[in-house]
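Listed in order, the protein sequences are those of chains V and F.
Going by this note's numbering, the first sequence opens with residue 47, and the numbers climb by one from there.
Going by this note's numbering, the second sequence opens with residue 60, and the numbers climb by one from there.
Before any comments, here is the structure.
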Amino acid sequence: MTAVLGKRAAERADAGQAPPARRAKGHSYALASAFFLAPMVLVFGYFSWWPIIQSGLLAFQQTNLVDPAAWVGWQNFANLFADPLLGTAVWNTVWFTLLALLFGFPVPIFLAVVMSELRRGGWLFRILVYLPVAVPPVVAVLMWKFFYNADYGLFNGLAGLVGLGPFPWLQDTDWAMPSLVLEATWAGAGGTVLIYIAALTSVPRELYEAAESDGASIWRRVWHILLPQLRGVLLLMLLLQVIGTFQVFTEPFVMTDGGPEDSTVTILLLIYRYAFVYGDFGMAAALSVLLAVVLGLLSAVYLRATKAWSST
Amino acid sequence: MSGLISDSDRKRRSVRAALGSTQFAIFLGVLVLGLGPILWTVKGGISPTQELLTDPLRLWPSDPDWGILAEAWTNLRIGHFMLNTVILAGGSWLAQIIVSTMAAYALSVLRPRFGTYIYGAVLATLFLPGSVSLVALYLTILDLPLTGGLSIANTPWAVWLPHAAHAFTILLMKRFFDGIPRELFGAAQVDGCGPWRMFFYIVLPMSKPILAVTSLLTLMGAWKDFLWPLVAISDGEAHPISVALPRLAEFSEENMVIAGMFMALMPPVLIFIVFQKYIVRGVGFTGLKG
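Below, the structure is given as structure tokens:
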């Protein structure tokens with residue numbers, strides 16, 4: 047297998063003309079190029095490019111892994127839109143994304159600005175802020191499941207100290223999603239803070255100095271220099287966060303399994319259920335294609351934003 | 060230090076007080092939120108379950124029993140599942156490093172004619188997250204095309220090989236190689252150094268910093284993996300700790316589960332603390348999360 051593909055790549059490389067300086071050694075370079083590229087072409091071919099193409103094909107097929115796949119046209123999409131759970135899952139995912147922005151977008155900016163102004167001990171802050179990111183997601187989710195427990199959880203215990211609660215963190219359809227978002231925010235904020243800190247160091251000091259000598263207060267410097275200088279990276283993190291939260295899976299799967307009453311069923315959880323619980327790979331692929339279209343659009347925005355950012 | 064608040068600002072009493080108290084409050088906040096949950100797993104892992112249920116706010120067990128950690132290690136077979144994780148993460152790391160250094164070398168230094176098209180096809184996958192082709196990837200590992208029905212599902216290869224198809228690592232690596240002065244390769248060529256020796260004697264020794272950063276990010280990423288091993292490996296005995304823990308949590312005593320959680324989170328947390336300089340730099344530069 048390797049030999050066949052490797053040879054094909056070698057032929058392709060051979061067809062190219064070697065730059066003049068290398069002409070004498072052109073053959074050995076073409077051979078070497080093919081050899082060094084072969085592993086990447088193989089793993090991407092099998093585990094990235096082909097599955098992407100296959101997702102598109104599967105969406106129009108019915109397959110149960112035993113009989114040969116049959117073409118069914120738009121049937122999978124029709125079944126998908128007939129499933130009342132689809133609307134629930136889409137809404138839940140959008141709700142998760144909005145809440146994650148509300149909880150998780152302003153806090154890292156604030157933390158990064160304050161941490162950037164530390165004259166010493168910054169390393170300790172950075173370690174502490176990033177520690178939750180280093181905790182494996184499943185462990186983090188299980189941990190928070192203990193904290194949220196209605197009877198012996200830490201949170202209801204703490205709320206009880208000040209005479210509040212007990213709160214139905216994961217038992218109530220209105221509470222469950224914000225509870226998941228709170229955990230996800232805790233688990234993810236540290237990475238964003240580090241990225242903002244790196245971005246803040248690239249803001250030219252002269253801008254602050256000039257503003258200060260013009261009599262601008264600290265708040266005005268934040269508003270008129272810091273935030274505008276950061277707008278590129280802020281937009282990128284916003285889009286990355288939206289793309290990431292659209293694929294949320296571990297939190298609802300491990301913490302609530304989509305409950306209570308489907309209030310935390312997300313798109314990826316639904317894809318997982320279609321494929322690996324009900325064995326309907328066609329329908330799972332159809333939903334994957336729809337998700338891919340949305341994420342592709344977001345990525346296109348991301349790409350444009352990166353270009354606009356790097357050219358300013 | 061970014062310079063937003065200048066020296067003369069800091070001389071003013073009100074600024075100093077406000078800045079100092081904000082920084083102190085934030086320090087307390089990140090201390091409690093960052094270290095607190097980890098210490099909580101230590102406490103929970105050495106407490107009797109009864110005490111965890113009746114008095115969840117207790118800071119330290121009345122009768123700490125470190126034996127619970129050892130008991131969880133053997134009864135829940137935490138060691139066995141962590142070894143599975145080490146095997147999966149280690150293989151994924153090796154596969155990813157081999158594929159990305161080789162490919163980046165070819166794309167950046169050898170530059171075959173069709174390199175740009177292949178690189179374009181690799182970069183295009185950055186915009187489609189792996190989760191959207193999850194189902195098709197599963198069907199692929201069940202029946203690898205052009206191999207006469209070879210299935211790698213339920214073997215470590217099903218985790219190792221897809222991890223190697225990671226466009227971001229290739230991008231990082233190629234950018235680093237692009238920064239090596241071209242004169243170096245020209246001089247090596249004049250001295251009769253071929254493409255193979257150039258790779259092993261010039262490029263690899265020079266790429267230690269990028270290898271360190273990508274290795275750390277790759278290893279920590281592979282340790283955290285959950286959804287793909289859950290799907291790709293059906294044999295419960297071969298599950299990594301992240302997939303095994305939620306299942307163990309269903310039917311084990313609370314303090315045992317918490318002890319298991321503590322042991323599962325220690326390796327990546329320790330790796331992070333030891334190598335934090337590289338990881339912080341890597342995260343900051345790449346915009347990559349975790």
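Idealized CB from N, CA, C, for every residue including glycine.
Residue i beta carbon near the ligand ADP (any heavy atom closer than 6 Å)
{"i": "F/Glu242", "result": "Absence of the ligand ADP is noted for the structure shown, with no ligands found whatsoever."}
Three-state class that DSSP yields for residue i in the structure shown
{"i": "V/Gln293", "result": "coil"}
{"i": "V/Ala128", "result": "helix"}
{"i": "V/Thr310", "result": "coil"}
{"i": "F/Gly350", "result": "The structure shown does not extend to residue 350 of chain F, since chain F is modelled only from 60 through 349, so no value can be given for it."}
{"i": "F/Leu135", "result": "coil"}
{"i": "V/His270", "result": "helix"}
{"i": "F/His298", "result": "coil"}
{"i": "F/Arg172", "result": "coil"}
{"i": "V/Ala67", "result": "At V/Ala67 the pLDDT is 45, less than 50, meaning the model places this residue with poor confidence and gives no usable figure here."}
{"i": "V/Trp265", "result": "helix"}
{"i": "F/Arg117", "result": "coil"}
{"i": "F/Ile85", "result": "helix"}
{"i": "F/Trp125", "result": "coil"}
{"i": "F/Val262", "result": "helix"}
{"i": "V/Glu252", "result": "helix"}
{"i": "F/Phe334", "result": "coil"}
{"i": "F/Tyr164", "result": "helix"}
{"i": "V/Arg166", "result": "coil"}
{"i": "F/Arg71", "result": "coil"}
Residues near residue i in its chain [Cβ-Cβ closer than 8 Å; skip 5 each side]
{"i": "F/Ser210", "result": "Ile200, Leu201, Asp202 and Leu203"}
{"i": "F/Ile269", "result": "Leu231, Met232 and Phe235"}
{"i": "V/Met161", "result": "Gly168, Phe171, Arg172, Val175, Val239 and Ile243"}
{"i": "V/Met189", "result": "Val181"}
{"i": "F/Val339", "result": "none"}
{"i": "V/Gly237", "result": "Tyr176 and Val179"}
CB of residue i within 7 Å of CB of residue j, strictly
{"i": "V/Thr219", "j": "V/Pro306", "result": "yes"}
{"i": "V/Pro183", "j": "V/Thr296", "result": "yes"}
{"i": "V/Asn110", "j": "V/Met329", "result": "no"}
{"i": "V/Phe149", "j": "V/Val227", "result": "yes"}
{"i": "V/Ser101", "j": "V/Val339", "result": "no"}
{"i": "V/Ala11", "j": "V/Pro178", "result": "Since the first and last residues shown for chain V are 47 and 358, residue 11 of chain V lies out of range."}
{"i": "F/Thr100", "j": "F/Met320", "result": "yes"}
{"i": "F/Ile317", "j": "F/Gly103", "result": "yes"}
{"i": "F/Ile127", "j": "F/Ile156", "result": "no"}
{"i": "F/Trp219", "j": "F/Ala297", "result": "no"}
{"i": "F/Pro215", "j": "F/Gly150", "result": "yes"}
{"i": "F/Ser192", "j": "V/Pro152", "result": "no"}
{"i": "F/Leu169", "j": "F/Pro264", "result": "no"}
{"i": "V/Ala256", "j": "V/Ile271", "result": "no"}
{"i": "V/Ala105", "j": "V/Ala321", "result": "no"}
6 Å Cβ shell around residue i - same chain, five flanking residues per side excluded
{"i": "F/Val357", "result": "The first residue shown for chain F is 60 and the last is 349, placing residue 357 of chain F beyond what the model contains."}
{"i": "V/Leu337", "result": "Ile313"}
{"i": "F/Leu166", "result": "Gly174, Tyr178 and Lys233"}
Close-in-space but distant-in-sequence residues of the same chain around residue i (CB under 7 Å, 5 per side omitted)
{"i": "F/Thr108", "result": "Glu312, Glu313 and Asn314"}
{"i": "V/Ala70", "result": "Caution applies to V/Ala70, whose pLDDT of 46 falls short of 50 and renders its modelled position unreliable; the model cannot decide the point."}
{"i": "F/Ile229", "result": "Ser159, Ala162, Ala163 and Val181"}
Continuous alpha helix (DSSP H) assignments of at least 4 residues falling wholly in the region 171–235 of chain V: 183–194 and 200–207
Can at least three beta-carbon pairs, one atom from the region 125–143 of chain F and one from the region 224–235 of chain F, be found at a separation below 8 Å? no
Counting Cβ pairs closer than 8 Å, one from the region 274–285 of chain F and one from the region 153–170 of chain V, do we hit at least three? no
Going along the chain, which unbroken runs of the beta strand (DSSP E) with 3 or more residues stay wholly within the region 200–250 of chain F? none
Pair every Cβ in the region 126–143 of chain V with every Cβ in the region 281–296 of chain V, then say whether three or more of these pairs are closer than 8 Å. yes
Any chance you could list the alpha helix (DSSP H) runs of at least 4 consecutive residues sitting entirely within the region 80–158 of chain V, in chain order? 96–104, 121–128 and 130–150
When the Cβ atoms of the region 286–302 of chain F are set against those of the region 68–75 of chain F, are three or more pairs found closer than 8 Å? no
I'd like to know if the region 200–220 of chain V and the region 252–268 of chain V are in contact, where contact means that at least 3 CB-CB pairs between them fall below 8 Å. no
Suppose only complete runs of 4+ residues qualify. What are the alpha helix (DSSP H) ranges in the region 326–354 of chain V, listed by chain order? none
Three Cβ pairs or more, each shorter than 8 Å: is that satisfied between the region 108–119 of chain F and the region 171–186 of chain V? no
Touching or not, the region 314–330 of chain V and the region 100–116 of chain V, by the rule of three or more beta carbon pairs under 8 Å? yes
Does the contact criterion of 3 or more C-beta pairs under 8 Å hold for the region 141–158 of chain F versus the region 277–286 of chain F? yes
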